[in-house]
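Taking it in order: structure first as structure tokens, then the write-up.
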Amino acid sequence: MKRRAHPFFWLLLAALALLVWGPLWFMAGGSLMPLDELDTLLGPVLTGRAGSAAWTLLPSWPTLEPLAQLLLDTPEFFVMFWNTCAQVLPQVLGQFLVGAPAAWALSRLRFRGRGALTALYMALMLLPFQVTMVPSYLVLYRLGLMDTVWAIILPGAFSAFPVFIMARGFDAVPWALLEAASLDGAGHFTTFWRVGLPLGAPGILAALVLGFLEAWNAVEQPMVFLKDQSIWPLTLYLPRINAENLGLCMAASLMMLAPAALIFLFGQKYLELGIQASGVKE
9 MKRRAHPFFW
19 LLLAALALLV
29 WGPLWFMAGG
39 SLMPLDELDT
49 LLGPVLTGRA
59 GSAAWTLLPS
69 WPTLEPLAQL
79 LLDTPEFFVM
89 FWNTCAQVLP
99 QVLGQFLVGA
109 PAAWALSRLR
119 FRGRGALTAL
129 YMALMLLPFQ
139 VTMVPSYLVL
149 YRLGLMDTVW
159 AIILPGAFSA
169 FPVFIMARGF
179 DAVPWALLEA
189 ASLDGAGHFT
199 TFWRVGLPLG
209 APGILAALVL
219 GFLEAWNAVE
229 QPMVFLKDQS
239 IWPLTLYLPR
249 INAENLGLCM
259 AASLMMLAPA
269 ALIFLFGQKY
279 LELGIQASGV
289 KE
């Protein structure tokens, strides 16, 4: 019989879960509060007047006014929502079209300089955006892509992190299958298409899910590369909402979180499979 976990262990997990769910509950509750209640609870912090901030578990008088105002009377929210989709989805597609063949080559092809190229990918993956910001800015400026959606799409599509994750998934493909495909007359592309992609799907989907979450929540890249507010994503829209529209900010944050949460719930099993596949060696 399996041993039961100690009650202290469950209390610890519950405390950690509250730390995660606390901000979400705060955001969901704030999106259902009337503006006067929000001003009473958070006004001392946001407006600087005397007093201390407080919070309640449930709104005293729930209302859908912030959500209605966001969905019916805030057209700029939808503009920036579609701007975000137009910037994020091409990035994810580019990561698949560019990253999957590159990961297959690094994982299953043997060529001179492969080790140096792998080390270069790992170095690029470890570099934060603050280090690559100036070179990226100069390259995009020389190409005439500054202040366009391509300034966000192209660096994300050629990101090194998805290549690393996909390569770890391709490492689990047995060499015996590749040798059998070669004996049947399959070339490199056929082997990649008919063997690599189906067996490496968990690693590919895990990389794409992580890439979507990173691109959806990106703040620094749009802030640096985009000056035209008409093509700003949602991450630059939320800080513009002032304390007078705090309920609108709560509702907008909740709506922005929804696609990322749905993608994560859909891709959670693929993330787990990708992690498991990356730890399996033939």
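All residue numbers for the sequence shown refer to my numbering, where the first residue is 9 and numbers rise by one.
Glycine included, C-beta positions come from ideal geometry on N, C-alpha and C.
CA nearest to the CA of residue i, picked from the options
| i | options | result |
| --- | --- | --- |
| PRO230 | MET258, GLY37, SER261, THR156 | THR156 |
| SER115 | SER68, MET174, THR64 | MET174 |
| LEU204 | LEU46, ALA184, TYR129 | It is worth fixing the name first, because residue 204 is Gly in this sequence and not Leu. Among LEU46, ALA184, TYR129, the Cα nearest to that of GLY204 belongs to ALA184. |
| MET258 | LEU246, ALA269, LEU24, PRO267 | LEU246 |
| ASN253 | LEU43, TRP158, PHE220 | LEU43 |
| ALA268 | ARG118, GLY275, LEU221 | LEU221 |
| LEU262 | GLY37, ASP47, PHE200 | GLY37 |
| LEU273 | SER238, LEU218, GLN237, GLY123 | LEU218 |
| ALA260 | ARG120, GLN77, PHE178 | GLN77 |
| VAL227 | TRP240, ASP236, LEU216, ALA215 | TRP240 |
| ILE212 | GLY102, LEU186, LEU32 | GLY102 |
| ALA159 | ARG122, PRO98, GLY123, LEU191 | PRO98 |
| PRO74 | ALA23, MET41, TRP18, GLY30 | MET41 |
| MET264 | GLY177, PRO70, THR64, VAL87 | VAL87 |
| THR64 | MET35, PHE16, GLY123, GLY107 | MET35 |
| LEU132 | GLY164, ASP236, TRP29, LEU105 | GLY164 |
| PRO70 | PRO52, SER39, ALA94 | SER39 |
| SER238 | LEU79, ALA94, ALA214, LEU20 | ALA94 |
| GLY195 | LEU117, LEU135, ALA124, ARG248 | LEU117 |
| LEU32 | GLY275, ALA266, ILE271 | ALA266 |
Residue i, DSSP secondary structure in three states
| i | result |
| --- | --- |
| PHE166 | coil |
| MET231 | helix |
| LEU40 | coil |
| ASP47 | helix |
| TRP90 | helix |
| TRP18 | helix |
| ASP81 | helix |
| ALA259 | helix |
| LEU72 | coil |
| ARG202 | helix |
| PHE272 | helix |
| GLY219 | helix |
| ALA124 | helix |
| SER238 | helix |
| TRP224 | helix |
| GLY193 | coil |
| LEU117 | coil |
| PRO67 | coil |
| GLY211 | helix |
| PRO31 | helix |
| ALA180 | coil |
| ALA62 | coil |
| LYS10 | In this prediction, LYS10 scores a pLDDT of 48, lower than 50, which makes its location untrustworthy; the coordinate-derived value is nonetheless stated afterwards. It is coil, neither helix nor strand. |
Whole-angstrom C-beta distance between residue j and residue i, which should lie under 8 Å
| i | j | result |
| --- | --- | --- |
| LEU242 | THR92 | 5 Å |
| GLY208 | VAL181 | 6 Å |
| TYR129 | VAL171 | 6 Å |
| VAL96 | ALA223 | 4 Å |
| PRO67 | GLU45 | 7 Å |
| PRO109 | PHE166 | With 8 Å as the limit, PRO109 and PHE166 do not qualify as a contact, their Cβ atoms being about 12 Å apart. |
| LEU49 | ALA62 | 5 Å |
| ALA111 | PHE178 | 6 Å |
| LEU148 | MET154 | 5 Å |
| PHE104 | LEU26 | Incorrect: roughly 37 Å between the Cβ atoms, too far for contact. |
heavy atom of the ligand SAH below 6 Å from residue i C-beta
| i | result |
| --- | --- |
| VAL227 | No copy of the ligand SAH appears in this structure; indeed no ligand is present at all. |
Inside the region 132–164 only - alpha helix (DSSP H) runs reaching at least 4 residues: Every unbroken stretch of the alpha helix (DSSP H) spanning 4 or more residues and falling wholly within the region 132–164 is given here in chain order: 137–150.
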